[in-house]
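Protein sequence lines correspond, in order, to chains A and B. Just so you know, the working numbering puts 32 at position 36 of the first sequence, and the rest follows in order with no gaps. Converting from the second sequence to the working numbering requires adding 3 to each position, the first position being numbered 1. Think of the CB as a built atom: it goes at the ideal place given N, C-alpha and C, for glycine as much as any other residue. One structure below.
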Amino acid sequence: DVKVTQSSRYLVKRTGEKVFLECVQDMDHENMFWYRQDPGLGLRLIYFSYDVKMKEKGDIPEGYSVSREKKERFSLILESASTNQTSMYLCASVSGQGSYNSPLHFGNGTRLTVT
Amino acid sequence: ILNVEQSPQSLHVQEGDSTNFTCSFPSSNFYALHWYRWETAKSPEALFVMTLNGDEKKKGRISATLNTKEGYSYLYIKGSQPEDSATYLCAFTGTASKLTFGTGTRLQVTL
Chain A
-3 DVKVTQSSRY LVKRTGEKVF LECVQDMDHE NMFWYRQDPG LGLRLIYFSY
47 DVKMKEKGDI PEGYSVSREK KERFSLILES ASTNQTSMYL CASVSGQGSY
97 NSPLHFGNGT RLTVT
Chain B
4 ILNVEQSPQS LHVQEGDSTN FTCSFPSSNF YALHWYRWET AKSPEALFVM
54 TLNGDEKKKG RISATLNTKE GYSYLYIKGS QPEDSATYLC AFTGTASKLT
104 FGTGTRLQVT L
């Protein structure tokens, strides 16, 4: 079974702090994604990566950056956390470059609160 | 941003009831439609990935149908059980586009 592991289940950070959310997958998947989930809204794509050192902006990249130095790890960075980034963050991975005919595998999510 | 709509937003049924929900998506440039179940405190779990018009998929008491020409998919649950309580998400992708999620249908099954 594919395992997608997010480093923290809950995080509380202060406004202005730099925040790192880490995600590791163990199935050699090319594609990795960062989504956020907010009440009343669907999962919204922040950034994705289809290969090491490659990254593409999703629908809501403002205020975020990402890093993919190794195939198994995809990090989401909040350069200067703000209260409107309080949310549930989900990491996902899938095999195949640019292919969506396979299901995504999700991590358990990180609930981030910015105060 | 593509529009993927799910209805109803939430649903409350009794154990043993059968139920269904709808996912609507753009009917042009279809590539794939995904269904996920997301239980509280767990990660979203894939139910189905559907790629062909007229496709029907089944997993236990849960089944799904797909109509790409009119842009909708139905998810059916037969004989709902309390463990079916979850949010059900659909996600659409067209050719050369990203996966876009709907807002989900929250199902509550009570005894």
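Self-check item: Neighbour flag for Phe104(B) against chain A, beta carbons, 7 Å
Solution: yes
Quiz item: Based on the DSSP output, what are the partners of Ile80(B) in its beta bridges?
Solution: Note: Ile80(B) sits in a beta bridge opposite Thr22(B) and Ile65(B).
Practice problem: Return no unless some Cβ of chain B is closer than 7 Å to the Cβ of Pro99(A). | Solution: Yes, Pro99(A) lies at the interface with chain B (some Cβ there is under 7 Å from its Cβ).
Practice problem: Could you tell me which residues DSSP pairs with Gly97(B) in its beta bridges? | Solution: Phe33(B)
Quiz item: Residues in its own chain within less than 7 Å of Gln17(B) by CB, not counting five upstream and five downstream?
Solution: Thr113
Quiz prompt | Contact check, Thr71(B) vs Glu59(B), beta carbons under 7 Å | solution = no
Self-check item: Three-state class that DSSP yields for Gln12(B) in the structure shown
Solution: coil
Quiz item: Which two residues bound the contiguous beta strand (DSSP E) that contains Met9(A)?
Solution: The residue asked about is misnamed: residue 9(A) is Lys in this sequence, not Met. Note, Lys9(A): beta strand (DSSP E), Tyr6 to Lys9.
Quiz item: In the stretch 83 to 94 of chain B, which residues sit with their C-beta less than 8 Å from some C-beta in chain A, listed in chain order?
Solution: Leu92 and Ala94
Quiz prompt | Alpha-carbon spacing of Val15(A) relative to Ser21(B), whole angstroms | solution = 44 Å
Exercise. Give the residues of chain A in contact with Ala35(B), contact being defined as C-beta atoms less than 7 Å apart.
Key: Those within 7 Å of Ala35(B) in chain A are Tyr96 and Asn97.
Practice problem: Give the straight-line distance between the Cα atoms of Leu100(A) and Arg64(B), rounded to the nearest whole angstrom. | Solution: 22 Å
Quiz item: Identify the residues that DSSP records as bridge partners of Ile73(A): which are they?
Solution: Phe16(A) and Ser61(A)
Quiz item: Beta-carbon of Ser30(B) versus every beta-carbon of chain A: anything under 7 Å?
Solution: no
Quiz item: Do the CB positions of Tyr39(B) and Thr96(B) come within less than 7 Å of each other?
Solution: no
Quiz prompt | N- and C-terminal bounds of the beta strand (DSSP E) containing Gln33(A) | solution = Asn27 to Gln33
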